[in-house]
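Residue numbers for the sequence shown follow the working numbering, beginning at 1 and rising by one.
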Amino acid sequence: IRNGAHTEEMPYGGEPESHFQRLIRGNQYQPVLRDHICKEMAPLVEARIANIPTRAGSDWRDLPNLAVRLSDGSYSKKLQYTHHDKKNGKSSTGALRGVCSCATGKPCDPMDRQYNTLIPWCLPHTGNRHNHWSGLYGRVEWDGFFSTTVTNPEPMGKQGRVLHPEQTRVVSVRECARSQGFPDTYRFFGGILDKHRQIGNAVP
1 IRNGAHTEEM PYGGEPESHF QRLIRGNQYQ PVLRDHICKE MAPLVEARIA NIPTRAGSDW
61 RDLPNLAVRL SDGSYSKKLQ YTHHDKKNGK SSTGALRGVC SCATGKPCDP MDRQYNTLIP
121 WCLPHTGNRH NHWSGLYGRV EWDGFFSTTV TNPEPMGKQG RVLHPEQTRV VSVRECARSQ
181 GFPDTYRFFG GILDKHRQIG NAVP
């Protein structure tokens, strides 16, 4: 499915391929997949997701520093590294790593703020204090595990590893429901955020 998919009922794409799939689908008289829908991300966020590699462990730190054309026809900007990073020094190529005067030990300067960049300015800005924001804009791994299911999957949220392993989107309502052990026959009600909230607040 694509970013913002909203078709609430669809046929399964084929027969179950694992014991878990057989179990979670249950014994439906007319097999139909419900709530395989996902939140629609803004054009800039969608471009970031599209540029996260599909290899295991990838996150925002793998984003290329480019100006790219967004789905609405506008363009993102390239992030400018303008200050010396007192903690980490320069890169292996001798390039600066800081995006704000606070990287040099001085107070933050609001004029250093950059907007509409493929690499979110706020992450390298505060990364030294927050384990470099490991996992934000991270993909769920095919052979890994599903981290804590939250009430609102956001790539920049406290549990940022919410991207599909291969597709340009966040995990769907049904994928989150399965991670909590809900069978496919279980129904959720309300809008997409209501459904995510029902799943995230459930005790598996």
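C-beta: ideal position from N, C-alpha, C; glycine also.
- Around the beta-carbon of N88, fewer than 16 other beta-carbon atoms lie within 10 Å, marking it exposed.
- Here M10 is bridged, per DSSP, to L33.
- In the three-state reduction of the DSSP assignment, T117 falls in the strand class, which pools E and B.
- By a beta-carbon distance limit of 8 Å, I37 contacts S172. Their separation comes to about 6 Å.
- Your pair L123 and G160 does not check out as a contact, with CB atoms roughly 10 Å apart and the cut at 8 Å.
- Nearest C-alpha to H130 among E141, D62 and K158: K158.
- Of all alpha-carbon atoms in Q114, S91 and R174, the one lying nearest the alpha-carbon of A5 is that of R174.
- When rounded, the separation of the alpha-carbon atoms in G94 and Y81 is 12 Å.
- Scanning the stretch 34–104 from its first residue to its last, the whole alpha helix (DSSP H) runs of 4-plus residues come out as 43–50.
- Secondary-structure assignment with DSSP links R25 through no beta bridge to anything.
- When secondary structure is reduced to three states using DSSP, L136 falls in the coil class, being assigned neither helix nor strand.
- Distance between P64 and K39, taken at the CA atoms: about 24 Å.
- Proximity to P16 across R2, D62 and D184 peaks at D184, based on C-alpha coordinates.
- L33 places its beta carbon 7 Å or farther from that of S76.
- Between the stretch 47–67 and the stretch 138–148 there are three or more inter-stretch CB-CB distances shorter than 8 Å, so the stretches are counted as touching.
- In the structure shown, V203 adopts coil according to DSSP, grouped into three states.
- Annotated three-state conformation of V170 is strand, per DSSP.
- Taken atom to atom, the span from the alpha-carbon of L79 to that of Q114 is near 7 Å.
- With a threshold of 16 other beta carbon atoms within 10 Å, P11 falls short and is exposed.
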